[in-house]
Amino acid sequence: MSSGGLLVAGTTSDAGKSVVTAGICRWLVRQGVKVAPFKAQNMSLNSFVTREGAEIGRAQAMQAQACRVEPTALMNPVLLKPGGERSSQVVLMGRPVGEMSARGYHGGRQEQLLGTVLDCLEQLRNQYDAVICEGAGSPAEINLRRTDIVNMGVARNAGLPVLVVGDIDRGGVFASFFGTVALLSPEDQELVAGFLVNKFRGDVSLLEPGLEMLHGLTGRRTYGVLPFRHGLGIDEEDGMGVPPLERSREWGKVSLRGAVRESAVAAPAGEELLRVAVCAVPLMSNFTDVDALAAEPGVVVRFVDRPDELADADLVVVPGTRGTVRALRWLRERGLADALARRAAEGRPLLGICGGFQLLGEHIEDDVESRAGRVDGLGVLPVRVRFAREKTLARPAGEALGERVEGYEIHHGVAEVLGGEAFLDGCRVGATWGTHWHGALESDGFRRAFLRAVAERAGRRFVPAPDTSFAALREEQLDRLGDLIEQHADTDALWRLIESGAPRGLPFIPPGAPA
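At position 167 of the sequence shown the residue is numbered 425 (the numbering used here), and the sequence of numbers has no breaks.
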């Protein structure tokens, strides 16, 4: 018999679905419930490789950590990785199956995947006491309802109750709640049990009259009001955007919404700060790699898009990207390419990760991603890259700088290293390092050794803190999410919802979905 379940939907993208799902998962597992996360279809450039070699969204990997279980492809059967405004790579059960336009995907391919999605969900429900599902965007996207496999499409087929999350910090949350329900069909509305207010600031008693009126208008209760808390985001997920650059012009203003700690808060262990600039390349992927740097006391991280912003950086990171050749063109257009080359020539610390490693090489042969053929790289590392049609998905482990390192690989580019000092699967020349390994900086000993090397090269009296544990900080963050649910949601009512489904007799709110 299938277990209980719940679909966490949202009034908009970035309403807090991922965070709420993780919080509910952590609250449940602390109650002794065997729970798993699930997202039928995810659009994200931040992905992760499971132990069986499957690629899934990083948000689902973090939600699995909230559940204290190993992530698997069942938890995110469909992953879309944008390659531009109109096309994405489709990853099915952890493996890429081709590029597709949005029109082609919603024109038929999406409906074909519904059987796979429902089968994965059923397998999880047979293995766990509860499965907490996350929706995408809004369930009231009436132009996409016919082909929907992630919101009401999966809720209807799996009989899941739906909790709608709204970000009150954006404003208009009452209209968003009401409008979301009112644009659903009668059959879909029957599953929408109620609402959860996210990111509330102030006195909850001032909000209560509105919640009572919303209940009167919709017949649906509000299951909790979660207060606004800084630093509670988990790894970034949907879309192609990057953290807003206008908030990151000054050192000390960290623009990483997913960072486990705002580095401006923690004093350095040594005499000086260490400043890290991350090039905000187009289609940036897995920029969560620098979260581990931001977690270090005294390390200040910001994203940059101008050459002058590199001048006072002690370390510059060129992160991964879904468009290496496009990123190269962007760097050259903005003058950043010349600035990076000068930096390397001057022996100032520079780190390239995955796509960032590839573009630091001599040239790239790309007949797969951009189909641009041979393109000259920045030429600061003795590396030549050829793009293979088969994607490399791996969980490597090794040693660098005298420390044990674990990471994960997600790339089409195959690097031929022609010189330099060995560094993970890449190389080091002077103060320039390059590797395909994502997540390497999460290995505490290696991160500290790397930062010591950077500080020495940069001439900074910076000392890494001896006791920073990135894994412990992740756990602390997930516990804070669980606390948020436990302290500010009606957990008894939530459990009844998970166990028994949506209340019967919920009223229909006109006009309903268009025919």
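Built from N, CA and C at the ideal position, the CB exists for glycine as well.
Item	Value
Which of the three DSSP states, helix, strand or coil, is assigned to residue 473?	helix
Can you say whether residue 708 is buried or exposed, counting buried as having 16 or more other CB atoms within 10 angstroms of its CB?	buried
Between the alpha carbons of residue 351 and residue 570, how many angstroms are there, rounded?	44 Å
Can you say whether residue 645 is buried or exposed, counting buried as having 16 or more other CB atoms within 10 angstroms of its CB?	buried
Does the Cβ of residue 396 have 16 or more other Cβ atoms within 10 Å, making it buried, or fewer, making it exposed?	buried
Please list the segments of the beta strand (DSSP E) lying wholly inside the region 376-407, counting only runs of 3 or more residues, in order along the chain.	388-392
In three-state terms, what does DSSP make of residue 773?	coil
Expressed to the nearest angstrom, what Euclidean distance is found between the alpha-carbon atoms of residue 736 and residue 486?	16 Å
CB residue 539 to CB residue 599, shorter than 8 Å?	no
Give the list of continuous beta strand (DSSP E) stretches no shorter than 3 residues that lie fully inside the region 670-739.	679-681, 684-687, 690-693
Among the residues of its own chain, which have a CB less than 8 Å from the CB of residue 605, if the five just before and after it don't count?	688, 689, 715
Confirm, please, whether the CB-CB distance from residue 262 to residue 388 is below 8 Å.	yes
Compute the beta-carbon to beta-carbon distance between residue 583 and residue 536, rounded to the nearest angstrom, for a pair I have assumed lies under 8 Å.	So it is not a contact: roughly 20 Å between Cβ atoms.
Assuming the contact rule is C-beta atoms closer than 8 Å, residue 408 and residue 394 should be a hit. Round their C-beta distance to whole Å, please.	5 Å
In the structure shown, what three-state DSSP assignment does residue 509 receive?	Interpretation of residue 509 is limited by its pLDDT of 43, a score under 50 that renders its predicted location unreliable; no figure is taken from the coordinates.
Hey, how far is the Cα of residue 337 from the Cα of residue 356?	12 Å
Check this for me: beta carbons of residue 379 and residue 296, under 8 Å apart or not?	yes
Can you name, in chain order, every residue of its own chain whose Cβ lies under 7 Å from the Cβ of residue 769, other than the five neighbours on each side?	440
Under 8 Å Cβ to Cβ from residue 727, same chain only, skipping five residues before and after it: list those, please.	702
Between the Cα of residue 415 and the Cα atoms of 435, 448, 678, 534, which residue gives the shortest distance?	448
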